[in-house]
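Residue numbers (my numbering): 873 to 1405. Remarks on the structure that follows.
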């Protein structure tokens, strides 16, 4: 694991002859390799189904993944709080707060950037449901201004058993971060997720959007406002007191989601999302004042993940307008842009030295364990930045030559098409898509007979003996899951015990939602991509 319906969008007004402005981009797309090889709309629909398979709690009447059933209905009871709901992160039955919040941030960014493309594909409501299932839980988990419940379940005991979520007999103890047990990474990521989601719901559900923003700002002010301008004198000592690594306060998270990068990147990430959500200049001031000391303008980064947020926050800062800023602020934002474009160039292999590795088949390759998370995360960033460059009619200057939005989008398409089947193995790494895909996903629920078909209790070790060790395909298809993927040589072994390659995570699929929607719209000549990015 980890460290391992029709719907309509909100009507928008476009410039006269807007469709003519799109013709060059649509023409480019139609001339790209494999332009008609894949059904991106189907991939989008399947990607959103995956989140229904990962649901914890009391499933709704319109649940489409019917092999799942209610689970985790007593989560939080031992601690006297209601922590029912949310998502299981991967193939186990633990609810880890950091990757869950990050998943919601990425899903929200997908909708913010590609809202109308998602609506055009008829998947807007499903995207909202996927986000809200997560944010409803995050609201529950923030039980007090000073308390955030950051984990439900114990990874060590959970991994000793192979049980469907419906049968869990392992510990469901909940863990929190608070004044005495700080957890800056998970608190900041939760604030970022709520801020990003508040943008999504701003027009559709203003009350809910406001509620999310209240929680996001409360988490921020209580935990991180030491250097912020707003309420500085009141919260200086309080914010300083609550700084600390979350996996020190919750040692059980260290084996699964250890924070290698620390929490400074999450602080900048949260500040920039809060700025986007509120327009409050104090959050931007925070990101500018701490840009260098927190690594935002000093780190050259070649990956973006649930742990390392620098590339993502650099992209957000790089897209901020310079108009009305003083010279010092302009300079800092330009430095953010330089680092953001270093990441883009690294993905394109256009830096002189430091680039992202590629497999012989052309896939970005960062590391052995769940490499696809880095691929899918990168294509969201590159797609968003390509749209930004298109909107301002600019290119980037890499060390090995310039790159424009068309070149960036072409590369994104190569990665997406690799995922969907244009690869040496000839399979789709998005489960359930196409004629060939992984059939033995490392996933407790998918690999065990459905509770709907066999409601007898499946014991801890019974699951291992009956379902894990065999080589038969999983009885339930985990549609829309993006597995860890091939190794450095494009090789892939479809075995349940090969968790580095066959386990899927929510944050693998989340960034693909907007990208699939964009390519579906481009292929059909309807892309408008009018989101905020």
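Note that beta-carbon positions come from the ideal geometry of N, C-alpha and C, so glycine has one too. These numbers were taken from a predicted model, which means no experiment stands behind them.
Query                                                                                                                                                             : Result
Pick helix, strand or coil for residue 932, following the three-state DSSP scheme.                                                                                : coil
Taking residue 1088 as the reference, give the member of 1167, 1245 and 1008 with the closest Cα.                                                                 : 1008
Can you name, in chain order, every residue of its own chain whose Cβ lies under 6 Å from the Cβ of residue 930, other than the five neighbours on each side?     : 942
Count Cβ pairs between the region 1233-1245 and the region 1367-1381 that sit closer than 8 Å; are there 3 or more?                                               : yes
May I ask you to report which of helix, strand or coil DSSP gives residue 1270?                                                                                   : strand
Rounded to whole angstroms, what's the CA-CA distance from residue 1147 to residue 1229? Just pull it up for me.                                                  : 34 Å
The alpha helix (DSSP H) that contains residue 1021, what's its start and end?                                                                                    : Looking at the DSSP string, residue 1021 is not in any alpha helix (DSSP H); the run it does join, the beta strand (DSSP E), is 1020-1024.
On the CB-based measure, 16 or more other CB atoms within 10 Å of its CB, does residue 928 come out buried or exposed?                                            : buried
I need the DSSP call for residue 1323, collapsed to helix, strand or coil.                                                                                        : coil
Report yes or no: do three or more beta-carbon pairs, one from the region 1288-1296 and one from the region 1311-1321, lie closer than 8 Å?                       : no
Inspect the CB distances between the region 991-1009 and the region 1389-1397 and report whether three or more fall short of 8 Å.                                 : yes
Quick check on DSSP: helix, strand or coil for residue 1048?                                                                                                      : strand
Are there 16 or more other CB atoms within 10 angstroms of the CB of residue 1272, so buried, or fewer, so exposed?                                               : exposed
Going by DSSP in three states, residue 1275 sits in which element: helix, strand or coil?                                                                         : strand
With H, G and I counted as helix, E and B as strand and the rest as coil, what does DSSP make of residue 1014?                                                    : coil
By DSSP, does residue 1115 sit in helix, in strand, or in coil?                                                                                                   : coil
Would you call the region 955-965 and the region 1033-1044 in contact, with 3 or more CB pairs under 8 Å?                                                         : yes
Only counting the same chain, and skipping five residues up and downstream in sequence, which positions put a Cβ closer than 6 Å to that of residue 1280?         : 1254 and 1258
Between 1141, 978, 1176 and 1178, which has its C-alpha nearest residue 1163's C-alpha?                                                                           : 1141
On the three-state DSSP scale, how would you describe residue 943?                                                                                                : strand
Where residue 1358 and residue 1312 are concerned, what is the direct C-alpha to C-alpha distance, given to the nearest angstrom?                                 : 14 Å
Quick check on residue 987: buried or exposed, where buried means 16 or more other Cβ atoms within 10 Å of its Cβ?                                                : buried
Taking Cβ to Cβ, would you say residue 1305 is nearer than 8 Å to residue 999?                                                                                    : no
Quick check on DSSP: helix, strand or coil for residue 1376?                                                                                                      : strand
Could you please give the first and the last residue of the uninterrupted alpha helix (DSSP H) stretch that includes residue 1368?                                : Run containing residue 1368: none; DSSP gives neither H nor E here.
Just to confirm, are residue 1003 and residue 1072 a CB contact at a threshold of 8 Å?                                                                            : yes
Just to confirm, are residue 920 and residue 973 a CB contact at a threshold of 8 Å?                                                                              : no
Could you pull out every residue in the same chain whose Cβ sits closer than 6 Å to the Cβ of residue 952, ignoring the five residues on either side in sequence? : none
Going along the chain, which unbroken runs of the alpha helix (DSSP H) with 4 or more residues stay wholly within the region 956-1010?                            : 969-992
Residue 1178 lies in the alpha helix (DSSP H); which residues open and close that run?                                                                            : Where residue 1178 is concerned, there is no enclosing alpha helix (DSSP H), given that its DSSP letter is neither H nor E.
For the alpha helix (DSSP H) that contains residue 1138, what are its first and last residues?                                                                    : 1136-1150
On the DSSP bridge list, what partners appear for residue 1229?                                                                                                   : 1237
What is the DSSP secondary structure of residue 1385, reduced to helix, strand or coil?                                                                           : helix
Hey, out of 1054, 957 and 1086, whose CA is closest to residue 1117's CA?                                                                                         : 1054
Are the region 1051-1069 and the region 1012-1025 touching, with three or more C-beta to C-beta distances below 8 Å?                                              : yes
Which residue's Cα is closest to the Cα of residue 1303: 1373, 1236 and 1296?                                                                                     : 1373
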